[in-house]
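The next block holds one structure in the form of structure tokens; read it before the comments.
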Amino acid sequence: MTLTRIPSETRVPAPPRAPAPSKRRIGRRQEAMAGYVFLTPWLIGLIGITAIPMLYSLYLSFTRYNLLRPPEWIGIANYERMLSDPNFRHAVWVTLMFALVSVPLKLTVALGVALLLNRERRGIGFFRALLYLPSLLGGSVALAIVWQAMFGVTGAFNNLLGLVGIEGRGWVNDPDTALWTLVLLAVWQFGAPMVIFLAGLKQIPTELYEAAWVDGAGRIRAFWHVTLPMLSPVIFFNLVLEMINGFQGFTSAYVIGNGNGSPAGSTLLYTVYLYLRGFGNLQMGYASAMAWVFLIAVGLLTVVLFTTGRMWVHYGDGDR
Amino acid sequence: MATLTATDHPPTTTRRVRHPIAGVLRWAVIIAVLLVVLYPLIWMVGTSFKSQRELASNLSVWPEVFTPGNYVEGWTGLPGVTFGRFFLNSIVLACLVVLANMASCLVTAYAFARLRFPLRSLWFALMIGTLLLPSHVLIVPQFVLFTHFGWVGTLLPLVVPKLLATEAFFVFLMVQFMRGVPRELDEAAMIDGCGPYRVFWHIILPLSRPALVTTAIFSFIWTWNDFFTQLVYLSDPADYTVSIGLRAFMDAAGQQAIGPMFAMSVLSLVPVFVFFLAFQRLLVAGINTTGLKG
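Residue numbers (the working numbering), protein chains in the order written: chain A, 10 to 329; chain B, 839 to 1132.
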């Protein structure tokens, strides 16, 4: 089944090959016409829902606009203000901390558990499905509510700590620890990358391990010299995906931070701050400027990932 | 999974000596991981069935006596609006989004996967580009746009974009799927005199069923779990979906009502859980194709 194909490369996919021109009765013009007929809804969406709003938000980012009065041109004042806005700088810091800690941690756990599961023959399907469940549920409001209660003063986490005689505290109410509960919630959803790792592990040819045993490599050296290089395209794929997702987290931070990044702004992710500026204070101009900075930052990050990726991602020579 | 062969698991077949304790240890670790992962869910369900007294005194995960009181109390929801309304709103919205995504993404994917037309590569590259575009970048201008249309406070801003195939993940998933459908079928139909429209209707549509099902499931779950766009566009409590209603309930009831809040949280996850039970193999296959998140 085509659905189970693992993305073995993470370059931007090439457009599907054009159908062979032979043996066809319909003309090329008719086919081109049909192509655009089928493409019409998407094209309208691209222009009306994506392109024009993007340009409009670029324009808004140079204005002061509160929806009630027409936008007022103020040049780069919004961008200048960002530099001196302590909340903005704080939000950038919180977001970086969150993404740069949660993503590597999540991928490490995902790979570790995938390696454990991969060595079993029976029952994998069952465990894989159950471990994947948090990825489906974790982004919901319900889980954010549960998380907030679990890491509260009288929550389950403190009950567990109490069993081993440690006195807990209100983890979500303490500015020093609140962000780490968000990180834990993100890591808890390691199931999705784990499933992708498992599929990747199955693609590694047995002969490579046999060759490694023959050469006297132990388990650990086989991992470093066979598993990791062969898995690097999948690791890269997961890294790009999770990084982009990591910077866009909103629901759990909004709910756990009581809608304002509390306590003391410690859970004020960039997206939450953008929302508060735009829809809390109706500062559409400032929010648009923030959105463009965000877009450029995510774009740059993607470029950096793809550039550095070339240095460590090993695309097999055999099949390419 | 019954036909697993040795080649599916390369390391085990080449292990020279397997230590029996290693296997036991590995299973112990796997089960420990599973318990840690499932603990919050078990705690959530257990707490939702505890009585007010047990909430204060019983520290164990599971209640001594199962009481449905929290569910009865929580269901009343906000003043004048019950959770029944929120569930109905969520179901209507999710079904509309499912239908819109299936229809619009299928026709778009057919154009990209099967038809030749000028600028095709450019459009395809742009489609992939929108995959990486964060939704937060577009929320402000789209909100301004939909305000001018008078759509804010209705379901239109949540459904109309889906009719225009803006969910590029599903377009990509279907293009990938259609690449696997043998082209000989199209060609045979064309020799019989079918044009592109009839090929779409008689060949691609029926053969794309697995991809359509995957799209439907993910569309449903994503819309059900979505909070951000619904928070922006829905303002009247009577229009609230389950996510927004739950969050508003949390604000109104405060930390005191942990029992009812947990009860409604459990209920809000039931549809996703049912989908998971029914389609878990398809879901797992789906993330393998495109890296779709849950």
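All C-beta atoms in this analysis are idealised placements derived from N, C-alpha and C, irrespective of residue type, glycine included.
So residue i is in the alpha helix (DSSP H); what residue range does that whole segment cover?
{"i": "residue 999 of chain B", "result": "994–1001"}
{"i": "residue 84 of chain A", "result": "Residue 84 of chain A -> no alpha helix (DSSP H), and no H or E assigned at all."}
{"i": "residue 933 of chain B", "result": "921–952"}
{"i": "residue 136 of chain A", "result": "133–146"}
{"i": "residue 183 of chain A", "result": "Premise fails: residue 183 of chain A is in no alpha helix (DSSP H) and is neither H nor E."}
{"i": "residue 891 of chain B", "result": "890–895"}
{"i": "residue 297 of chain A", "result": "293–321"}
{"i": "residue 222 of chain A", "result": "215–223"}
{"i": "residue 338 of chain A", "result": "Here chain A covers residues 10 to 329 and nothing more, so residue 338 of chain A does not appear."}
{"i": "residue 241 of chain A", "result": "237–255"}
{"i": "residue 970 of chain B", "result": "No alpha helix (DSSP H) holds residue 970 of chain B; DSSP gives it neither H nor E."}
{"i": "residue 61 of chain A", "result": "61–69"}
{"i": "residue 1059 of chain B", "result": "1047–1063"}
{"i": "residue 1010 of chain B", "result": "1006–1017"}
{"i": "residue 1087 of chain B", "result": "1080–1091"}
{"i": "residue 1030 of chain B", "result": "Segment: none, residue 1030 of chain B is in no alpha helix (DSSP H) and carries neither H nor E."}
{"i": "residue 859 of chain B", "result": "858–886"}
{"i": "residue 118 of chain A", "result": "95–127"}
Output yes or no for whether 8 Å exceeds the beta carbon distance between residue i and residue j.
{"i": "residue 1007 of chain B", "j": "residue 969 of chain B", "result": "yes"}
{"i": "residue 878 of chain B", "j": "residue 181 of chain A", "result": "no"}
{"i": "residue 954 of chain B", "j": "residue 40 of chain A", "result": "yes"}
{"i": "residue 897 of chain B", "j": "residue 168 of chain A", "result": "yes"}
{"i": "residue 882 of chain B", "j": "residue 1050 of chain B", "result": "no"}
{"i": "residue 978 of chain B", "j": "residue 293 of chain A", "result": "yes"}
{"i": "residue 1101 of chain B", "j": "residue 886 of chain B", "result": "yes"}
{"i": "residue 149 of chain A", "j": "residue 1069 of chain B", "result": "no"}
{"i": "residue 1059 of chain B", "j": "residue 145 of chain A", "result": "yes"}
{"i": "residue 273 of chain A", "j": "residue 286 of chain A", "result": "no"}
{"i": "residue 51 of chain A", "j": "residue 1002 of chain B", "result": "yes"}
{"i": "residue 117 of chain A", "j": "residue 160 of chain A", "result": "no"}
Quick one: list the residues of chain A neighbouring residue i, beta-carbon separation under 7 Å, in chain order.
{"i": "residue 974 of chain B", "result": "257, 280, 283, 300 and 303"}
{"i": "residue 1085 of chain B", "result": "150 and 264"}
{"i": "residue 1059 of chain B", "result": "145"}
{"i": "residue 1096 of chain B", "result": "158"}
In or out: residue i buried (at least 16 other Cβ within 10 Å) or exposed?
{"i": "residue 1029 of chain B", "result": "exposed"}
{"i": "residue 1022 of chain B", "result": "exposed"}
{"i": "residue 320 of chain A", "result": "exposed"}
{"i": "residue 858 of chain B", "result": "exposed"}
{"i": "residue 71 of chain A", "result": "buried"}
{"i": "residue 1041 of chain B", "result": "buried"}
{"i": "residue 942 of chain B", "result": "buried"}
{"i": "residue 60 of chain A", "result": "exposed"}
{"i": "residue 245 of chain A", "result": "buried"}
{"i": "residue 37 of chain A", "result": "exposed"}
{"i": "residue 1000 of chain B", "result": "buried"}
{"i": "residue 917 of chain B", "result": "exposed"}
{"i": "residue 1047 of chain B", "result": "exposed"}
{"i": "residue 903 of chain B", "result": "exposed"}
{"i": "residue 860 of chain B", "result": "exposed"}
{"i": "residue 1064 of chain B", "result": "buried"}
{"i": "residue 1097 of chain B", "result": "buried"}
{"i": "residue 323 of chain A", "result": "exposed"}
{"i": "residue 312 of chain A", "result": "exposed"}
Tell me whether residue i counts as near the ligand NAD, meaning its Cβ is closer than 7 Å to at least one heavy atom of that ligand.
{"i": "residue 89 of chain A", "result": "Ligands in the displayed structure: none, and consequently the ligand NAD is not present."}
Quick one: list the residues of chain A neighbouring residue i, beta-carbon separation under 9 Å, in chain order.
{"i": "residue 1109 of chain B", "result": "Simply none; closest approach about 11 Å."}
Interface residues of chain B around residue i at Cβ under 7 Å?
{"i": "residue 293 of chain A", "result": "978 and 982"}
{"i": "residue 125 of chain A", "result": "864, 867 and 868"}
{"i": "residue 91 of chain A", "result": "Chain B residues near residue 91 of chain A: none, gap ~15 Å exceeds 7 Å."}
Quick one: list the residues of chain B neighbouring residue i, beta-carbon separation under 9 Å, in chain order.
{"i": "residue 58 of chain A", "result": "976, 980, 983, 998, 999, 1002 and 1004"}
{"i": "residue 288 of chain A", "result": "977, 978, 981, 1069 and 1070"}
{"i": "residue 253 of chain A", "result": "970 and 972"}
Name, please, each residue of chain B whose Cβ falls closer than 8 Å to the Cβ of residue i.
{"i": "residue 66 of chain A", "result": "975, 976, 978 and 979"}
Give me the chain A residues within the contact set of residue i, using Cβ-Cβ distance strictly less than 8 Å, ordered along the chain.
{"i": "residue 939 of chain B", "result": "Neighbours of residue 939 of chain B on chain A: none; closest Cβ ~11 Å, over 8 Å."}
Give me the chain C residues within the contact set of residue i, using Cβ-Cβ distance strictly less than 7 Å, ordered along the chain.
{"i": "residue 1118 of chain B", "result": "In the displayed structure, chain C is absent; the protein chains listed are A and B."}
Practice task
May I ask you to list, following chain order, the residues of the stretch 897–930 of chain B that have a beta carbon less than 9 Å from some beta carbon of chain A?
Solution key: For chain A, the residues of the stretch 897–930 of chain B that bring a beta carbon within less than 9 Å of one of its beta carbons are 897, 898 and 899, in chain order.
Exercise for the section: With 8 Å as the C-beta to C-beta threshold (strictly closer), list the residues of the stretch 140–167 of chain A near chain B in chain order. Expected result: For the stretch 140–167 of chain A, the beta-carbon criterion of a distance under 8 Å to any beta-carbon of chain B is satisfied by 140, 141, 142, 143, 144, 145, 146, 147, 148, 149, 150, 151, 152, 154, 155, 156, 158, 159, 161 and 165.
Practice task
Output, in sequence order along the chain, the residues in the stretch 1027–1052 of chain B whose CB is closer than 8 Å to any CB in chain A.
Solution key: When C-beta distances to chain A are compared with 8 Å, the residues of the stretch 1027–1052 of chain B below that value are 1028, 1029, 1031, 1033, 1034, 1035, 1038, 1048, 1049 and 1052, in chain order.
Practice task
Anything in the stretch 70–87 of chain A with a Cβ closer than 7 Å to a Cβ of chain B? List those residues in chain order, please.
Solution key: Listed by position, the residues of the stretch 70–87 of chain A near chain B (Cβ gap below 7 Å) are 76.
Problem - Where the stretch 947–964 of chain B meets chain A: residues whose CB sits under 8 Å from a CB there - result: Cβ contacts with chain A: 948, 949, 950, 951, 952, 953, 954, 955, 956, 958, 959, 961, 962, 963 and 964.
Exercise for the section: Note down, in chain order, all residues in the stretch 175–207 of chain A with a beta-carbon under 8 Å from any beta-carbon belonging to chain B. Expected result: Of all residues in the stretch 175–207 of chain A, 197, 198, 200, 201, 204 and 205 have a Cβ within less than 8 Å of some Cβ in chain B.
Exercise for the section: May I ask you to list, following chain order, the residues of the stretch 40–56 of chain A that have a beta carbon less than 9 Å from some beta carbon of chain B? Expected result: Taking 9 Å as the cut-off between beta carbons, the residues of the stretch 40–56 of chain A near chain B are 40, 41, 42, 43, 44, 45, 46, 47, 48, 49, 50, 51, 52, 53, 54 and 55, in sequence order.
Exercise for the section: Could you run through the stretch 223–247 of chain A and flag, in chain order, every residue whose CB is less than 9 Å away from some CB of chain B? Expected result: Hits within the stretch, in order: 228, 231, 236, 246 and 247.
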